[in-house]
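Below: one structure, written as structure tokens.
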Amino acid sequence: MLKNILKSSECAKCKICCIFDKYDIWETPIIDEELKNKIEKRFPEFSFVKKGEGWIFRMTEAEDELFYCPALDKNTGCKLGEDKPFDCKIWPYRIMEFGGKRVISIASICPTMYGKPLSELCGELERDDLAGKIFSFADLHPDIVKPYEEGYPILKAEKESRRD
Ligand code: SF4
């Protein structure tokens with residue numbers, strides 16, 4: 028989804044967004060029922076934990092106190108291809124709730140994207156109405172909207188407050 032701004036070769040070298048520590052385990056991607064069923068057929072060895080209306084992968088803690096996504100192949104990257112969760116497709120953009128509004132922010136932990144100029148990061152959200160697609164997906168899957176976290180610069184807010 029971000030092919031214009033983020034090369035898959037850069038992601039393949041990094042993989043930081045697929046490994047979690049105890050502080051960012053809340054960032055684990057949300058998986059809807061339909062996608063869960065699809066993934067289960069391909070990878071019956073994966074297990075899931077209910078979260079809100081959706082699911083997250085059950086991750087086991089590795090020796091280094093990190094949690095590795097079960098879909099991560101350490102050599103080739105994500106095994107899911109086009110079936111990866113929407114959260115992963117838009118990473119490091121995040122949709123969050125801030126002061127009663129949904130906003131799109133960026134995770135500063137992504138070294139490649141965070142180094143890009145603001146004009147490029149905001150421009151990508153306007154290209155092909157990516158921001159609109161993110162808000163529309165969140166209308167159907169509100170579980171992907173995360174509470175605002177300090178340190179995530181906000182790039183775009185939706186026009187109307189959802190509490191009005
Ligand atoms: S589903 Fe794929 S892209 Fe998403 S965290 Fe897991 S390995 Fe990474």
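With my numbering applied, the sequence shown corresponds to residues 28 to 191, in that order. For every residue, glycine included, the Cβ atom is placed at its ideal position computed from N, Cα and C. Since this is a predicted model, take the numbers as computed values, not measurements.
Start and end residues, alpha helix (DSSP H) containing residue i
{"i": "K78", "result": "First-last for K78: F75 to K78, but that is the beta strand (DSSP E), not the alpha helix (DSSP H)."}
{"i": "R69", "result": "E60 to R69"}
{"i": "A39", "result": "S35 to C41"}
{"i": "G159", "result": "L157 to L167"}
{"i": "G142", "result": "G142 -> no alpha helix (DSSP H), and no H or E assigned at all."}
In DSSP terms, what residue i is bridged to
{"i": "V130", "result": "M123 and A184"}
{"i": "C96", "result": "Paired residue(s): none; C96 is not in a bridge."}
{"i": "C192", "result": "Here the chain has residues from 28 to 191 only, and residue 192 is not among them."}
{"i": "W118", "result": "Bridge partners of W118: none, in fact."}
{"i": "K173", "result": "M123"}
{"i": "I57", "result": "BP columns for I57 are empty, so no partner."}
{"i": "K46", "result": "Looking at the sequence provided, one finds Ile at residue 46 rather than Lys. Answer is Y95, bridged to I46."}
{"i": "E88", "result": "F94"}
Where the beta strand (DSSP E) containing residue i begins and where it ends
{"i": "I83", "result": "G81 to F84"}
Cβ neighbours of residue i in the same chain (closer than 6 angstroms, five flanking residues each side left out)
{"i": "D191", "result": "Reliability fails at D191, whose pLDDT of 48 lies under 50, so the model's placement of it is uncertain and the value that follows must be treated cautiously. Correct list: empty, nothing qualifies."}
{"i": "I57", "result": "G81, D114, D170 and I171"}
Whole-Å CB distance - residue i paired with residue j, under 8 angstroms assumed
{"i": "I161", "j": "V130", "result": "That belief does not hold up - the Cβ atoms of I161 and V130 are roughly 10 angstroms apart, past 8 angstroms."}
{"i": "E37", "j": "T103", "result": "Going by Cβ atoms, the distance from E37 to T103 rounds to 15 angstroms, so no, they are not a contact pair."}
Cβ shell of residue i (< 7 angstroms), same chain only, five flanking positions each side left out
{"i": "K63", "result": "F75 and W82"}
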